[in-house]
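> Would you mind keeping the following structure in view while I ask a few things?
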Amino acid sequence: MAICRVLKQADRGFITSRGYRKATTRVPSARALSDSLLIPEIQRVHAENFSVYGIRKMWHAMNREGFHIGRDKTARLMKLAGVSGRRRGRTPVTTISPKAPDHRPDLVRRNFCAQAPGRLWVADITYVRALSGFAYTAFVVDVFSRKIVGVATRSTMRTDALPMEALEHALTTAGRIHGNQLIHHSDRGSQYVSLKYSTALAESGIRPSVGNSRRFL
């Protein structure tokens, strides 16, 4: 009786030919047309970001791509597209506070703009639930292109290893760094203010900046 769900019934209780024609020739609504265009874009953006973005990050990513949609609509479209980054249960800690205070400046001050590639990188760590627990992903984003230039994934999150691998990947991708023109921005987690990570930045001629990276991501 699937036909009965899409056809209107007449007052006398039977389906009219007029109602049948109206149901079968109905023009899709503006919302349905919009959804049909946006769902493939949701799937593309989610895949390009290694399928780890949840609603908040997907909302920001879609707006950066030029699709100015709200957070609720993003959540609805993600559900329709069959993608998700939301995880239930205990939330893993991805930012480990350093034992000693860090006094590095915030060179960005929430102004996440760059005039060319290789001028500003933003680094962060996220996670996804896997069959055996959690998988942690560290990534480095070039603010100008809005693309991930460095990424690393592990089943455990050691203080230095994971973000260092993402940084090394970014340095390989970027090639030559022009002296002191590139700023690396992150939060104040010990992963990013450790001696090993700081040394790698200094040896590559990259200026460190610490503050709130989630305003961009």
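Per the UniProt record's numbering, the very first residue in the sequence shown carries number 1; after that it's consecutive.
Don't be surprised by glycine CBs; every beta carbon is placed ideally from N, CA and C.
When the Cβ atoms of the region 65-82 are set against those of the region 101-121, are three or more pairs found closer than 8 Å?
Result no; under three Cβ-Cβ pairs closer than 8 Å.
> From serine 198 to valine 122, what does the alpha carbon distance come to, in whole angstroms?
Each residue's alpha carbon lies about 15 Å from the other.
> Does DSSP put arginine 76 in a helix, a strand or coil?
Three-state result, arginine 76: helix.
> Closest to threonine 171 by CA distance: which of Leu37, Gly205 and Ser145 is it?
Looking at the sequence shown, residue 171 is not threonine but leucine. Measuring from the Cα of leucine 171, the nearest candidate turns out to be Gly205.
> Over the uninterrupted alpha helix (DSSP H) stretch that includes arginine 207, give me the two end residues.
It is not in any alpha helix (DSSP H) - arginine 207 instead sits in the beta strand (DSSP E) that spans 207-210.
> Compute the distance between the beta-carbons of isoleucine 183 and arginine 154, then report whether it is under 9 Å.
Against a cut-off of 9 Å, the Cβ pair of arginine 154 and isoleucine 183 comes out as no contact.
> Can you name the start and end residues of the beta strand (DSSP E) that serine 186 belongs to?
Unbroken beta strand (DSSP E) run through serine 186: 183-186.
> Can you give me the start and stop residues for the alpha helix (DSSP H) that alanine 166 sits inside?
Note, alanine 166: alpha helix (DSSP H), 161-174.
> Closer than 6 Å by C-beta to leucine 107: which residues in its own chain qualify, once you throw out the five before and the five after it? Chain order, please.
Result list for leucine 107: Ile183 and Ser209, in chain order.
> Determine the DSSP secondary structure at threonine 156, reduced to helix, strand or coil.
In the structure shown, threonine 156 sits in coil (DSSP, three-state: anything other than H, G, I, E or B).
> Assign asparagine 111 to one of three DSSP states: helix, strand, or coil.
Residue state, collapsed to three classes: coil.
> Please report the straight-line C-alpha distance between threonine 124 and lysine 196, rounded to a whole angstrom.
A quick correction: the sequence has aspartate, not threonine, at residue 124. Those two C-alpha atoms are separated by around 17 Å.
> Starting from the Cα of valine 45, find the closest Cα among Val140, Phe139 and Lys147 and give me that residue.
For valine 45, the nearest C-alpha among the options comes from Lys147.
> Taking just the CA atoms, how far does alanine 32 sit from residue 223?
A question about residue 223 goes unanswered here, because the residues of the chain that appear run from 1 up to 217.
> Going by DSSP, name the residue or residues bridged to alanine 138.
Alanine 138 is bridged to Ile125 and Ala152.
> How many Å lie between histidine 60 and arginine 71 at the Cα?
Using only the alpha carbons, I get a separation of about 9 Å.
> Based on Cα-Cα distance, which residue from Ser194, Tyr127 and Glu168 lies nearest to serine 84?
That would be Tyr127, whose Cα lies nearest to the Cα of serine 84.
> To the nearest angstrom, how far is the alpha carbon of serine 145 from that of valine 27?
If I take the Cα positions, the gap works out to 39 Å.
> Output the boundary residues of the alpha helix (DSSP H) element that contains isoleucine 39.
It spans 30-48 - the alpha helix (DSSP H) in which isoleucine 39 sits, taken as one unbroken run.
> Beta-carbon within less than 6 Å of residue 238's beta-carbon, same chain only, minus the 5 sequence neighbours each way: which residues are those?
The question about residue 238 has no answer, for the chain in this structure spans 1 to 217.
> Have a look at Leu162, Gln43 and Ala135 and flag the residue whose alpha-carbon is nearest the alpha-carbon of glutamine 191.
The option with the nearest alpha carbon to glutamine 191 is Leu162.
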